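Following: one structure in structure tokens, then a few remarks.
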Amino acid sequence: MNFHTESGVQLLHIEASLGHLQMRLVKESKLRRYQQKRSKTMQVKLFKISQQYQVGELTTSELLSTCKHQNGPALRRLAVLNLGNNCLEELPESLATLHALEKLHLFGNQIKTIDAKIIGDLRNLTFLNLNNNQIKTIPSAINRLVNLQYLSLDGNQLTSLPAEMCALSKLTELHAAGNQLSALPLEIGFLVKLSRLHVQKNKIKELPEGLGKLIHLEIIDAAANEIRIFPTEIHKLPLKELYCEENPLLDALPVHSIQEEEILTLKEITARYVMKQLKDRRKMVKYGDKVFYEENPAWSYMRRAIRHYPNIRDMLAQASKCALCGASFLNTWLECVRFVDGHRDLKLSNSPGRVPIRALLCSYKCFNTPGHEFYGIAFP
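Per the UniProt record's numbering, residue 1 is the first one in the sequence shown, and the count goes up by one each step.
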């Protein structure tokens, strides 16, 4: 093949490539025009729907249903929905179809009940704001919102929170201020990622001991409640801020008191003996002037035997430890209080002054030991 032939082939190849490129550009141009036209059409439809809604021709439920009918596939991809400051009395059924929804604002409505089926279907939800409604109960189906990170229930009429809510292992913020809560779920320790807890302006008398397990908790706002004392392990949390003003906190007013040793039940005596043996793997043995340590045979026996009694094992797992001697006990204890400085001891950035922290002692023998910082509690 001569030079002219090769050049001609190359030119034909280039022309074919250019033609193919031109066809692609034409197709892309048509596609863009089609998408723009469709977008404008959808905007006009949504504008008309919005006008109908604003003048009261459509309820919120009808609005969602109309949007779904006009552009169902696009609405199913909706990630953020703000229905705040309307007159909703219940959750629109159409919400259950918005499976891609991540943020939902329902604040400032007149919602009285939460439909368990609707809320349970929003499994991609990470943010839920239900502030300032008239909600009295939260359904147990809340535990199906497995991706929820932020939950705000301020300004409702809640008297309790469901234990199932504590299965929300990704929850980092819980707001429930301005309700009528008298307690928080005992299972709150399962909210392992919780960093902010706002429960001010309620009727809470005592924060649960499980609070001490929340190793990421940095802020607690429990102001304006009925709290007298804080959980035993609150000093182990990485708290930066603690708000506890307007609570009837215990104060140190020492009075003379003679305490006698209590009489323990047989169950308590047995449980304490078993737990002591399970703790003491090695025992001290004296031979003359020499001291040796050898394996405690009771430890080996107890460990083997307890495997066959799961109920007893579960019961002993609920035991507590004496704040003074470290011994384990089951059901009989002496409730005490110690006072710590919020700034110096708890390392708080704000300064709530002296904070009363609950402490449990195993016996009056420990309580009567001189030199400790624990006070007995006498409620009027």
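All C-beta atoms in this analysis are idealised placements derived from N, C-alpha and C, irrespective of residue type, glycine included. Everything numeric in this text was worked out from a predicted model, so none of it was measured.
**Prompt:** Nearest CA to the CA of Glu-173: which residue from Ile-220, Thr-113 and Gly-210?
**Reply:** Ile-220
**Bridge-paired residues (DSSP) for Asn-176** = Residue 176 is actually Ala in this sequence, not Asn. Bridge partners of Ala-176: none, in fact.
**Item:** Rounded separation between Lys-203 and Phe-374 - CA only
**Value:** 27 Å
**Expected contact under 8 Å - CB spacing of Ala-141 and Gly-120 to nearest Å** = 4 Å
**Message:** For residue 386 and Ala-319, which I take to be in contact (beta-carbon distance under 8 Å), what is that distance rounded to the nearest angstrom?
**Reply:** The structure shown does not extend to residue 386, since the chain is modelled only from 1 through 380, so no value can be given for it.
**Prompt:** Does DSSP put Asn-311 in a helix, in a strand, or in coil?
**Reply:** helix
**Item:** Ordered list of beta strand (DSSP E) runs contained in the region 80-111, each at least 3 residues
**Value:** 80-82 and 103-105
**Asked** Which term fits Cys-87, buried or exposed, when burial requires 16 or more other beta carbons within 10 angstroms of its beta carbon?
**Response** exposed
**Item:** Member of Arg-344, Cys-322, Pro-248 and Thr-137 whose CA lies at the smallest distance from the CA of Met-275
**Value:** Cys-322
**Prompt:** What's the gap between the Cα of Ile-215 and the Cα of Arg-338?
**Reply:** 22 Å
**Message:** Output needed for Phe-107: all residues of its chain with C-beta closer than 6 Å, excluding positions within five of it in sequence on either side, in chain order.
**Reply:** Gly-84, Asn-129, Asn-131 and Asn-132
**Prompt:** Going by DSSP, which residues form a beta bridge with Gly-376?
**Reply:** Cys-336
**Message:** Which residues does DSSP list as the beta-bridge partners of residue 382?
**Reply:** Here the chain comprises residues numbered 1 to 380, so residue 382 is not present and cannot be evaluated.
**Prompt:** Around the Cβ of residue 382, are there at least 16 other Cβ atoms within 10 angstroms (buried) or fewer (exposed)?
**Reply:** Residue 382 is absent from the model: the chain starts at 1 and stops at 380.
**Message:** I'd like the span of the beta strand (DSSP E) that includes Phe-230, first residue to last.
**Reply:** Taken as a continuous stretch (DSSP letters only), Phe-230 belongs to no beta strand (DSSP E), as it is neither H nor E.
**Prompt:** Quick one: Cα of Pro-310 to Cα of Arg-76, how far?
**Reply:** 48 Å
**Request:** For my contact list, Leu-148 and Leu-171 are in at a C-beta cut-off of 8 Å; report their separation, rounded to the angstrom.
**Result:** 6 Å
**Request:** Return the bridge partner residues of His-198 from the DSSP annotation.
**Result:** His-175 and Asp-221
**Asked** What are the boundary residues of the alpha helix (DSSP H) that includes Glu-268?
**Response** 266-279
**Prompt:** Looking at the structure shown, is Ser-140 part of a helix, part of a strand, or coil, going by DSSP?
**Reply:** helix
**Message:** Looking at the strands, I want to know which residues DSSP matches up with Ile-357.
**Reply:** Phe-230 and Arg-338
**Asked** From Val-355 to His-105, what distance separates their C-alpha atoms?
**Response** 36 Å
**Prompt:** Run through DSSP, which three-state label would Leu-242 get?
**Reply:** strand
**Asked** Using the beta-carbon count (16 or more within 10 Å), is Gln-110 buried or exposed?
**Response** exposed
**Item:** Residues that Tyr-150 bridges to, as DSSP identifies them
**Value:** Phe-127 and Glu-173
**Message:** Nearest by alpha-carbon distance to Glu-102: which of Asp-115, Leu-191, Thr-113 and Asn-82 is it?
**Reply:** Asn-82
**Prompt:** Taking the alpha helix (DSSP H) that Lys-365 falls in, what are its first and last residues?
**Reply:** 364-367
**Message:** For Lys-112 and Glu-89, which I take to be in contact (beta-carbon distance under 8 Å), what is that distance rounded to the nearest angstrom?
**Reply:** 6 Å
**Asked** Is the distance from the Cβ of Leu-122 to the Cβ of Leu-98 below 8 Å?
**Response** yes
**Request:** Would you tell me roughly how many angstroms separate the C-alpha atoms of Glu-164 and Pro-370, rounded to the nearest one?
**Result:** 45 Å
**Under the three-state DSSP convention, the category Leu-237 falls into** = coil
**Rounded C-alpha distance that separates Leu-348 from Tyr-273** = 40 Å
**Message:** With H, G and I counted as helix, E and B as strand and the rest as coil, what does DSSP make of Ile-306?
**Reply:** helix
**Message:** For Arg-358 and Ile-229, which I take to be in contact (beta-carbon distance under 8 Å), what is that distance rounded to the nearest angstrom?
**Reply:** 5 Å
**Prompt:** Expressed to the nearest angstrom, what Euclidean distance is found between the alpha-carbon atoms of Gly-155 and Leu-181?
**Reply:** 11 Å
**Asked** What do you reckon, are the CB atoms on Leu-197 and Asn-179 nearer than 8 Å?
**Response** no
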